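A.B. asks:
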Amino acid sequence: MTHSAKPHLSRDHMLTLLRHMIRIRHFEDKCAELYTLQKIHGFLHLYDGEEAIAAGVISSLTDADRVVATYREHGHALARGVPMQEIIAEMYGKAEGCSGGRGGSMHLFSNKANFYGGNAIVGGGLPLAVGLALADKLRGEDRVTVCFFGEGAVAEGEFHESLNLAALWKLPILFACENNQYAMGTALERSESETNIHKKAESYGLISEVVDGMDVISVEVSTRRALKVIRETGGPCFLEFHTYRFRAHSMFDAQLYRAKEEVEIWRKKGPISRFTSWLEQSGSLDAEDIKQLEVEIDEEITDAIDFAEAGTWEPLETLEKNVYADPVEHPPAMVEASPQTIQTTYRDAVKMAIDDALERDDRTFLMGEDVGMYGGCYAVSKGLYDKFGSERIRDTPLSESGFTGAGIGAAIAGMRPIVELMTVNFSLLALDQILNTAATFRHMSNGQFGVPVVIRMATGAGKQLAAQHSHSLEGWYAHIPGIKVLAPATLEDARGMLWSALEDPDPVLIFENVMLYNRSGELAVNAGPVDISKAVIRREGSDISLITYGGSLFKVLEAAETLAGEGISTEVIDLRSLRPLDDETILASVAKTHRVLIVDEGWQTGSLAAEIGMRIAEKGFYDLDAPLARLCSREVPMPYAKHLEDAAIPQTESIVKAVRTHLGKG
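Spelled out as structure tokens, the structure:
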């Protein structure tokens with residue numbers, strides 16, 4: 127495939143550019159009207175004044191190239207070829223919308239058009255674009271990802287993390303900054319110490335250029351030039367388009383932060399009037415040509431509105447559609463464990479799973495902080511760098527949001543990345559990408575895009591790492607629909623859950639308790655995938671059900687052994703999966719023992735234990751012979767001193783005591 131850097135200044139092409147801009151302008155004018163008529167709801171961010179950028183950039187792309195937009199993305203979607211009927215239907219919230227009525231104005235998606243949606247989070251699309259481009263580079267595909275964002279995003283950490291990753295890994299991305307002078311209501315000079323945004327890009331080594339974003343020809347020329355460089359070098363480019371939005375930030379905005387005179391000055395040099403004047407003066411078009419364009423566009427808009435008005439509302443019965451993928455048709459095959467075993471550790475069981483995955487699937491790669499030459503903070507990936515190389519065991523900067531978002535983007539593009547977040551507390555820096563992108567993308571796009579990413583992290587206390595490195599936050603993540611949350615405790619699960627997670631079409635978070643890495647035992651030589659949706663009874667009993675997971679499992683089993691010596695028969699449930707919870711196994715055990723103690727290393731207030739207890743109360747209340755009980759971590763930041771740390775989290779002794787008390791034998 128050859129790509130030209132030259133603009134096409136034929137009459138047909140100039141008509142196409144003008145059509146794009148007028149089409150966007152008239153569409154946005156009509157949307158403003160529909161908003162006042164309460165046909166469109168929520169936030170509505172109009173592109174009025176910035177049309178030259180979408181027209182000039184997107185018309186320079188191939189069909190295979192990818193587009194990541196912002197919440198002000200109607201113009202981008204129209205220029206990219208997303209049908210206008212589907213866009214308006216989406217803004218109405220109708221089932222015929224391009225996102226099935228689940229995204230609205232800020233979240234337009236089209237798999238067919240390689241349009242990866244608007245993003246309501248400022249800067250949130252930047253790491254996603256990095257991941258899409260990374261996937262293309264790893265596969266050797268001739269694609270460029272264009273990422274649009276406003277100048278307000280340059281203050282976000284994700285901007286800097288993404289530019290650094292793109293330059294470091296030489297990724298085929300065109301960063302398109304639409305600098306419209308006001309992030310929302312704060313002028314650029316009031317929010318940035320350096321207002322020349324292109325200089326920020328240059329500081330990361332990107333080829334960077336400032337472009338008159340009100341001149342569609344300048345936009346197209348600079349875009350073609352940048353695309354040629356990207357395709358030839360494989361590395362990123364950055365274009366800062368100086369532009370201006372004629373309307374408010376959103377339809378809620380009273381625009382008290384700028385003078386009307388300022389807006390009028392900019393309107394006089396608007397991209398449409400400027401281009402039409404040039405075309406008329408040059409004799410390329412006349413007033414009749416422009417009038418004909420406007421008539422055709424207005425007819426299209428009328429038809430699109432009629433389509434939306436006649437559209438249907440999604441049935442309430444499908445409310446939960448596309449939160450997760452449909453059940454996998456061919457889940458990984460389970461095998462009966464061989465009697466032949468090897469002696470190994472939890473750490474090495476995880477490593478075996480990663481090694482196997484890399485051997486089994488070329489789409490799989492591991493990335494995270496110090497996972498390569500260092501071998502991982504907990505030595506899980508030690509030796510894998512030498513075996514698989516830097517492309518597939520990929521060291522990242524200390525930029526959790528950036529590289530987690532990149533993993534999510536690569537997964538959306540069809541890869542199977544394993545993202546390692548060094549510890550669970552660091553995951554909070556990536557929470558935006560996990561919560562607002564990984565967990566929502568399938569649903570907001572109405573099933574057009576899945577996110578088969580696996581994110582691993584160490585969790586838990588017990589190593590005297592004090593308050594900032596001893597969190598047990600897996601219960602927080604289990605609150606979020608759209609992701610799956612696993613807590614492997616045994617060697618079999620440490621190996622098998624990762625295998626199954628990589629076969630899963632949805633984002634999966636795996637929490638590995640730090641106190642388990644050194645735990646050793648026997649593992650079947652043919653250990654393979656496990657069912658990641660089911661809890662397991664680790665010990666049969668009849669007097670009380672002990673429900674737990676992860677690092678607490680072996681404490682609970684030790685407590686059960688102690689209690690057995692006292693004549694108390696305990697049934698131990700290893701949850702394994704925290705989202706989804708296996709209600710069936712839990713309730714069957716409650717119906718058998720009639721008493722429950724939930725052991726959870728999370729804090730008690732708002733805990734996972736509270737959720738489990740409430741489910742039992744709702745669905746198994748009449749099987750209970752005693753009130754529900756739980757044992758959680760104490761309500762304190764984790765202390766450093768060993769005796770205080772031990773006292774803060776459930777221990778074998780405290781579990782035994784809690785059971786005795788619950789049974790009236792304490």
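Numbered continuously in my numbering, the sequence shown closes out at residue 792. Just so you know, even glycine gets a beta-carbon here, dropped at the ideal spot from N, CA and C. A quick note: this is a predicted structure, and the numbers were derived from the prediction, not measured.
With a threshold of 6 Å on Cβ separation, who are the neighbours of residue 573 within its own chain once the five nearest residues in sequence on each side are excluded?
C.D. replies: Looking up residue 573 in the sequence shown gives position 447. Here the set comprises 448.
A.B. asks: Per DSSP, what kind of secondary structure is residue 756 in: helix, strand or coil?
C.D. replies: Reading the sequence shown from its first residue, position 630 is the one you call residue 756. Here residue 756 sits in strand by DSSP.
A.B. asks: Straight-line CA distance for residue 413 to residue 179?
C.D. replies: To locate residue 413, count along the sequence shown from 1; it is residue 287. To locate residue 179, count along the sequence shown from 1; it is residue 53. Approximately 24 Å between the Cα atoms of the pair.
A.B. asks: In three-state DSSP terms, what is residue 658?
C.D. replies: Position 532 of the sequence shown, counted from the first residue, corresponds to residue 658. Here residue 658 sits in coil by DSSP.
A.B. asks: Does the count of Cβ pairs from the stretch 593-602 and the stretch 537-552 closer than 8 Å reach three?
C.D. replies: They touch, by the three-pair rule.
A.B. asks: Give the list of continuous beta strand (DSSP E) stretches no shorter than 3 residues that lie fully inside the stretch 580-658.
C.D. replies: You should have 580-585, 610-612, 634-639 and 646-650.
A.B. asks: Using a 10 Å radius around the Cβ and a threshold of 16 neighbouring Cβ atoms, would you call residue 769 buried or exposed?
C.D. replies: As a working mapping, residue 769 is identified with position 643 in the sequence shown. It counts as exposed.
A.B. asks: Alpha helix (DSSP H) containing residue 377: first to last residue?
C.D. replies: Numbered from 1 along the sequence shown, position 251 holds the residue referred to as residue 377. Looking at the DSSP string, residue 377 is not in any alpha helix (DSSP H), and its letter there is neither H nor E.
A.B. asks: Please determine if the stretch 386-395 and the stretch 162-173 are in contact, where contact requires at least 3 C-beta pairs separated by less than 8 Å.
C.D. replies: No, because fewer than three Cβ pairs between the stretch 386-395 and the stretch 162-173 fall closer than 8 Å, the two stretches do not touch.
A.B. asks: Name the DSSP beta bridge partners of residue 241, please?
C.D. replies: Counted from its first residue, the sequence shown places residue 241 at position 115. Residue 241 is bridged to 193 and 236.
A.B. asks: Between residue 189 and the rest of its own chain, which residues show a CB-CB distance below 6 Å, the 5 nearest in sequence each way excluded?
C.D. replies: Numbered from its first residue, the sequence shown carries residue 189 at position 63. Closer than 6 Å at Cβ, skipping near neighbours: no residue.
A.B. asks: Assign residue 469 to one of three DSSP states: helix, strand, or coil.
C.D. replies: Residue mapping note: residue 469 aligns to position 343 of the sequence shown, counting from 1. Of the three classes helix, strand and coil, the one that applies to residue 469 here is strand, per DSSP.
A.B. asks: I'd like the span of the beta strand (DSSP E) that includes residue 672, first residue to last.
C.D. replies: Within the sequence shown, the letter at position 546 stands for residue 672. Residue 672 -> beta strand (DSSP E) spans 670-674.
A.B. asks: Go ahead and pull the three-state DSSP assignment for residue 694.
C.D. replies: In the sequence shown, residue 694 corresponds to position 568, counting from 1. Note: residue 694 maps to coil in three-state DSSP.
A.B. asks: Is the Cβ-Cβ distance between residue 150 and residue 187 less than 7 Å?
C.D. replies: Taking the first residue of the sequence shown as 1, we reach residue 150 at position 24. Taking the first residue of the sequence shown as 1, we reach residue 187 at position 61. Taking 7 Å as the Cβ cut-off, residue 150 and residue 187 do not qualify as a contacting pair.
A.B. asks: Among 763, 744 and 762, which one has its Cα closest to the Cα of residue 754?
C.D. replies: As a position in the sequence shown, residue 754 is number 628, starting the count at 1. Closest option to residue 754, Cα to Cα, is 744.
A.B. asks: Do you know offhand how far residue 147's Cα is from residue 543's?
C.D. replies: Residue numbering aside, residue 147 sits at position 21 when the sequence shown is read from its first letter. Residue numbering aside, residue 543 sits at position 417 when the sequence shown is read from its first letter. When rounded, the distance between both Cα atoms is 39 Å.
A.B. asks: Once DSSP output is grouped into helix, strand and coil, what is the label at residue 543?
C.D. replies: Reading the sequence shown from its first residue, position 417 is the one you call residue 543. Reduced to three states, the DSSP call for residue 543 is strand.
A.B. asks: So, for residue 617: in the same chain, excluding its five sequence neighbours on each side, which residues have a beta-carbon less than 7 Å away from its beta-carbon?
C.D. replies: Translated into positions along the sequence shown, residue 617 becomes position 491. Excluding residues within five positions, the ones whose Cβ falls inside 7 Å are 470, 472, 475, 647 and 649.
A.B. asks: Return helix, strand or coil for residue 721, following the three-state DSSP convention.
C.D. replies: The residue given as residue 721 occupies position 595 in the sequence shown. Note: residue 721 maps to coil in three-state DSSP.
A.B. asks: Give the secondary structure of residue 301 by DSSP, where H, G and I count as helix, E and B as strand, and everything else as coil.
C.D. replies: The sequence position of residue 301 within the sequence shown is 175, counting from 1. Looking at residue 301 - three-state DSSP - the assignment turns out to be strand.
A.B. asks: Which residue's Cα is closest to the Cα of residue 683: 416, 669 and 698?
C.D. replies: Position 557 of the sequence shown, counted from the start, is the residue given in the question as residue 683. Of the listed residues, the one whose Cα sits closest to residue 683 is 698.
A.B. asks: Going by C-alpha to C-alpha distance, which of 767, 670, 326 and 408 sits closest to residue 751?
C.D. replies: In the sequence shown, residue 751 corresponds to position 625, counting from 1. When only C-alpha atoms are compared, the closest one is 670.
A.B. asks: When you compare only the Cα positions, how much space is there between residue 241 and residue 773?
C.D. replies: In the sequence shown, counting from the first residue as 1, residue 241 sits at position 115. In the sequence shown, counting from the first residue as 1, residue 773 sits at position 647. Taking the straight line joining both Cα atoms gives about 52 Å.
A.B. asks: Indicate whether residue 656 and residue 626 have their beta-carbon atoms separated by less than 7 Å.
C.D. replies: Numbered from 1 along the sequence shown, position 530 holds the residue referred to as residue 656. Numbered from 1 along the sequence shown, position 500 holds the residue referred to as residue 626. Their beta carbons are under 7 Å apart, which means residue 656 touches residue 626 by this criterion.
A.B. asks: Which residue spans inside the stretch 134-192 form an unbroken beta strand (DSSP E) run of at least 3?
C.D. replies: Listed in chain order, there is nothing to give.
A.B. asks: Excluding the 5 residues preceding and the 5 following residue 191 in the sequence, name in chain order all residues of the same chain whose CB lies nearer than 8 Å to its CB.
C.D. replies: What you label residue 191 is simply residue 65 of the sequence shown in a count that begins at 1. Same-chain partners within the cutoff: 240, 269, 270, 271 and 272.
A.B. asks: Considering residue 494, what are the terminal residues of the beta strand (DSSP E) in which it resides?
C.D. replies: Position 368 of the sequence shown, counting from 1, holds the residue named residue 494. Segment 490-494, the beta strand (DSSP E) holding residue 494.
A.B. asks: Please return the same chain residues whose Cβ sits closer than 6 Å to the Cβ of residue 746, not counting the five positions on each side in sequence.
C.D. replies: On the sequence shown, position 620 is the one that residue 746 refers to. Counting only Cβ-Cβ distances below 6 Å, and skipping sequence neighbours, we find 713 and 716.
A.B. asks: Determine, for residue 395, whether the minimum Cβ-Cβ distance to residues of chain C falls below 7 Å.
C.D. replies: The structure shown contains no chain C; it holds only a single protein chain.
A.B. asks: If we ignore side chains and look at the alpha-carbon of each, how far apart do residue 681 and residue 765 end up?
C.D. replies: Locating residue 681 in the sequence shown gives position 555, where the first residue counts as 1. Locating residue 765 in the sequence shown gives position 639, where the first residue counts as 1. So the alpha carbons of these two residues sit roughly 20 Å apart.
A.B. asks: Under three-state DSSP, which class holds residue 784?
C.D. replies: Here residue 784 refers to the residue found at position 658 of the sequence shown. Residue 784 falls in the helix class under three-state DSSP.
A.B. asks: Less than 8 Å between C-beta atoms, sequence neighbours within five positions excluded: which residues of the same chain meet that for residue 152?
C.D. replies: For the purposes of this step, residue 152 is taken as residue 26 along the sequence shown, with counting starting at 1. Closer than 8 Å at the Cβ level, and outside the excluded window around residue 152, lie 420, 423, 424 and 427.
A.B. asks: Classify residue 488 as buried or exposed, calling it buried when 16 or more other Cβ atoms lie within 10 Å of its own Cβ.
C.D. replies: Translated into the one-based positions of the sequence shown, residue 488 becomes position 362. Exposed, because fewer than 16 other Cβ atoms sit within 10 Å of the Cβ of residue 488.
A.B. asks: Determine contact between the stretch 377-385 and the stretch 216-235, defined as no fewer than three beta-carbon pairs at a distance below 8 Å.
C.D. replies: Too few Cβ pairs lie closer than 8 Å, so no.
A.B. asks: From residue 251 to residue 431, what distance separates their C-alpha atoms?
C.D. replies: Looking up residue 251 in the sequence shown gives position 125. Looking up residue 431 in the sequence shown gives position 305. One C-alpha to the other measures close to 29 Å.
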